[in-house]
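The block underneath contains the structure these notes are about, expressed in structure tokens.
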Amino acid sequence: MRSVRGWLRDTAGGLPGTFWFLWTGTLINRLGSFVLIFLAIYLTNVRGFSEVQAGAVIALWGVGGAAGTMLGGSLADRWGRRPTLLTAQVGAAVMMLALGFAHELWAVALGALLLGVFAEAARPAFGAMMIDVVRPQDRLRAFSLNYWAVNLGFASAAILAGIAAEVSYLLLFLIDATTILIMAGIVFVKVGETRPTPAHRPAAYGPSAAPGRPRATAGGLRTVAGDRVFLGFVALNLLSALVFLQHISMLPIAMTDDALAPSTYGTVIALNGVLIVVGQLFVPRLIRGRNRSQVLAAASVVMGVGFGLTAFAGTAWFYALTVLIWTVGEMLNAPSNSTLIAELSPAAHRGRYQGVFSLSWQIAGATAPILGGLVRQHAGNTTLWLGCAGLGLLVALLHLLSGPARERQASALGAATAVAPEPAPGTPRPAGSSPTADSSRAAGCDASRPAGSADGPRPVDSPGEAVPAA
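Here our numbering is used: the first residue of the sequence shown is 1472, the next is one more, and so on.
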């Protein structure tokens, strides 16, 4: 019993109350994420659209999402995390309902586009808020816990959505919108503004004299555009995502070609969620204190091996084995990615950095099925999966080569932040709060922490992100 308590304390202890409010909202929201799971079936079977029309509608969702991530990131830094998150969530709930009641193709397409904008605009604001409230030494645990909640919610939603769809497809939209509003309510009541005040932002990051090294006070997205180290990291994530997302595009086709039923694919891919729910909470202890770039390199190798072995799969158990292998890589990748984003993001521009990173997933989501389909059609199934293995190994090598530069930049940014410390993590900060009040919180009491929580040393949308909040 004592060892179990120690494990729970190491895994979840000492995190601020604000984090747990966000975590609870995430779990509730993901439990109701019904629509995207059945959207393609809904558009073709219920609305009677052709497969091409349904694909266009889903693509418009992605286009809106790409715009939303950039808009949400900028607003989170300029306007604030809390108002951006609340506006995006309420807008997403409204558009979710509108999409459920839309009948004509133009109305459904417009609804999907706007839903993508609002839903994805919440993602960078949520990610920045998570970074704001959790101390640097606790972020790996926090992002792992949040990623665990996302997968637990999605695994449950897949089952619950199937039951709801048998009653009414409109019920999917109603429940999805309701859970989004519940999370918005939690944020409205329990979570204050977390954006660092100017007094607590470092003036610059990294060696200010270094060429091409932007200052944190630079305006707009120029800061991110000038950060070559971070953009290189985003590019590597894009390559990894192109491999990872084959599991929802080319993997079901490969299994169907091997005369396996669609239900078999559902069972095999469910192992991914089961393994994450069971094992993700043990990952922080496994990788704590290890070099982030080396962990990401190892994750890329494991994912590459898992997807590469798919080239030789032909039975359900072999496909299941490949899924289990690349899931281990995913579990190593997700919290390490999120922690590195936090370490490389200047406090004044966390929303923008989250937005640019999220954009890499939007681009991968749009291009992975196309590239996978082209390779499979013209070069064959074996070439596709062996190519995934090769790309995974290449990404691993590039992580090792680019790691030292990331570590130097993260250390420089951390040192600059230490010179101008932010208020105590997890302390909601109303607009206009004074440095004096903030320092008193840092000195002693954070009322947002649950009773009995400890502060001893020891986390969104899409693996590697904090998690989309809508």
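Here a beta-carbon is modelled for each residue, glycine too, at the ideal position from N, C-alpha and C.
Rounded to the nearest angstrom, the gap between the Cα atoms of P1554 and G1885 is 27 Å. Taken atom to atom, the span from the alpha-carbon of A1547 to that of H1820 is near 9 Å. Rounded to whole angstroms, the separation of the alpha carbons of L1811 and A1883 is 14 Å.
Every unbroken stretch of the alpha helix (DSSP H) spanning 4 or more residues and falling wholly within the stretch 1544-1593 is given here in chain order: 1552-1572.
The continuous stretches of alpha helix (DSSP H) do not include H1820, and DSSP gives it neither H nor E.
In the three-state scheme derived from DSSP, where H, G and I count as helix and E and B as strand, G1663 is classed as coil.
Counting only runs of 3+ residues, no beta strand (DSSP E) is found wholly inside the stretch 1595-1659. Per DSSP, P1487 lies in no alpha helix (DSSP H) and is assigned neither H nor E.
L1611 and P1755 do touch by the CB rule: their CB atoms are close to 5 Å apart, below 8 Å. Cβ contact annotation for Y1513 (same chain, cutoff 7 Å, sequence separation greater than five): Y1640, in chain order. The beta carbon of T1482 sits closer than 6 Å to the beta carbons of L1752 from its chain, once the five residues preceding and following it are set aside; these are given in chain order.
Cβ-Cβ distances below 8 Å link V1739 to M1726, A1787, Y1790, A1791, V1794 in the same chain, with the five nearest sequence neighbours on each side left out; the list follows chain order. Distances from the CA of G1874 to each of V1658, G1800, W1550, S1764 were compared; the closest alpha carbon is that of S1764. Taking C-beta separations shorter than 6 Å and ignoring five residues to either side along the sequence, the partners of A1580 in its chain run V1528, L1531, following chain order. Taken in chain order, the whole alpha helix (DSSP H) runs of length 4 or more contained in the stretch 1726-1778 are 1733-1750, 1754-1758. Collapsing the DSSP output to three states places T1668 in coil.
The residues A1655, V1658, F1659, in chain order, have a CB closer than 7 Å to that of L1557 in the same chain once the five nearest residues on each side in sequence are set aside. The count of Cβ pairs closer than 8 Å, one atom from the stretch 1556-1572 and one from the stretch 1836-1848, stays below three, leaving the stretches out of contact. Under the three-state reduction of DSSP output, R1518 falls in the coil class, being neither helix nor strand. With at least 16 other beta carbons inside 10 angstroms of its own, P1817 counts as buried.
Non-local beta-carbon contacts of A1629 in its own chain, meaning distances under 7 Å to residues more than five positions away in sequence, involve I1508 in chain order. Taking C-beta atoms as the reference points, W1856 and F1778 count as a pair closer than 8 Å. Residue burial annotation: P1733 is exposed, with fewer than 16 other C-beta atoms found within 10 angstroms of its C-beta. The shortest CA-to-CA distance from L1710 to any of G1539, H1870, L1568, R1823 is the one to H1870. A straight-line Cα-Cα distance of about 29 Å links L1872 and T1540. Classified as buried, G1544 has 16 or more neighbouring CB atoms from the shown chains inside 10 Å of its CB. Per DSSP, the unbroken alpha helix (DSSP H) holding F1701 starts and ends at 1699-1715.
Nearest C-alpha to L1616 among Q1880, G1858, I1747: I1747. The stretch 1796-1806 and the stretch 1764-1775 touch, with three or more beta-carbon pairs separated by less than 8 Å. Collapsing the DSSP output to three states places A1860 in a helix. In this structure E1637 is exposed. Its beta-carbon is surrounded by fewer than 16 other beta-carbon atoms within 10 angstroms. With respect to A1835, L1716 sits close: the two C-beta atoms are nearer than 8 Å. One thing to note: G1785 has its Cβ within 8 Å of the Cβ of D1729. With respect to R1877, L1815 sits close: the two C-beta atoms are nearer than 8 Å. Secondary structure note for T1793: its alpha helix (DSSP H) is the uninterrupted segment 1787-1815. The Cβ atoms of R1666 and R1552 lie closer than 8 Å to each other.
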